[in-house]
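Beneath this line is the structure, given in structure tokens, with notes to follow.
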Amino acid sequence: MWLTNSSIGRKVVMSVSGLFLVLFLTFHMCMNLALVFSPEAYNVICGLLGAHWYTLALTAVLAAGFIVHIVYAFWLTIQNRRARGNDRYAVNVRPQGVEWSSQNMLVLGIIVILFLVLHMAQFWFKMQFNEVASSMAGLDGEYLYHDDPHNGASLVITEFKNLWVVVLYLVWLVALWFHLTHGFWSALHTIGFNNNIWFNRWKVIGNVFATVICLGFAFVLIALFLHTNIEGGILGWNAADWLLNK
Ligand code: HEM
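Going by our numbering, the first residue of the sequence shown is number 88, and it counts up by one from there.
Rendered as structure tokens:
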């Protein structure tokens, strides 16, 4: 089949799956922004996204998107290296006009995925997976891995009151930013948005978009840290007090 047999077909699959993941990230960042302003509102959203049939179906689609993107990334890299043979070792200097991120997409992607595994263990495992596993184990109102899988706000606030967790996430976001800036532009280029006028415009749009997504996540982390660690909190509520009153 064209999408698996030809090099351009595989690039199209990489691009479409990448753009799908960008859509998810945009939604995920917007959802997390709600927590900065109201933990109650955030928990309502978490409730809607709990272990319902529609969210489990969406999680399966999302997981498939990640798997396809990762498998094709390795596939294309191996194919490119085979095509270049030993030549790839001949030049170590980056050609002029070629971005650093474009040459390091696989490494950046691997860093993003490693952090993602930690992130899933930190939140998704204790929430959605916990709900599903506990109900499959026949538990009613009790949970295997965390007492309160519906209280996403309390889980997230508890994690981000630690400075080192915030710093680790910021490192993750830097890797994600580099990956997205090149990925977004390259994906649009592959699927045909590549006429001369728009070549540079898409680059700028991709950079702005990646920056907005990563700054949005960073804002959530820093705001939650300040909510807990500044006396009286910010924006009229204090996360430490909110946890105590739960
Ligand atoms: C401020 C930063 C972030 C916060 C507070 C946050 C919070 C959360 C929470 C609470 C969950 C569990 C939701 C549930 O199971 O119902 C979750 C799931 C997830 N997060 Fe994040 N997240 C952040 C950043 C990111 C980033 C940067 C990525 C990707 C690079 C990401 C990817 C995911 C994925 C793939 C899931 C699983 C989604 C699903 O269950 O369908 N998150 N996140």
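By construction, the Cβ of each residue, glycine as well, lies at the ideal position given by its N, Cα and C atoms.
Bounds of any alpha helix (DSSP H) do not take in residue 213, whose DSSP letter is neither H nor E.
The way I'd put it, the region 150-161 doesn't touch the region 217-233; fewer than three beta-carbon pairs between them come closer than 8 Å. Measuring C-alpha to C-alpha distances from residue 212 to each of 225, 198, 226 and 230 identifies 230 as the nearest.
Considered as a whole, the region 241-295 harbours 250-277 as its complete alpha helix (DSSP H) runs of no fewer than 4 residues, in chain order. Taking all protein chains in view, the Cβ of residue 239 is crowded by 16 or more other Cβ atoms within 10 Å, so the residue is classified as buried. In summary, residue 169 is exposed, with fewer than 16 beta-carbon neighbours lying within 10 Å of its beta-carbon over all protein chains present.
305 is the residue among 305, 320 and 322 whose C-alpha sits nearest the C-alpha of residue 253.
Residues of the same chain with a CB within less than 8 Å of the CB of residue 130, apart from the 5 flanking positions on each side, are 237, 238, 239 and 240 in chain order. When the Cα atoms are used, residue 111 and residue 166 turn out to be separated by approximately 28 Å. Note on geometry: alpha-carbon atoms of residue 121 and residue 128 lie some 7 Å from one another. Residue 207 has its CB nearer than 8 Å to a heavy atom of the ligand HEM. In this structure, the alpha-carbon of residue 317 lies about 9 Å from that of residue 326. Taking all protein chains in view, the Cβ of residue 310 is crowded by 16 or more other Cβ atoms within 10 Å, so the residue is classified as buried. Residue environment: residue 133 is assigned as buried (16 or more neighbouring CB atoms within 10 Å of its CB, all protein chains considered). Spanning the alpha carbons of residue 320 and residue 124 requires a straight line of approximately 11 Å. Non-local C-beta neighbours of residue 89 in its own chain, meaning closer than 7 Å and more than five positions away in sequence, comprise 96, ordered along the chain. Short note on residue 258: C-beta not closer than 8 Å to any heavy atom of the ligand HEM. Look at residue 321 here: in three-state DSSP terms it is strand.
Sequence-distant partners of residue 117 (beyond 5 residues in either direction) whose C-beta falls short of 8 Å from its own C-beta, in its chain, are 303.
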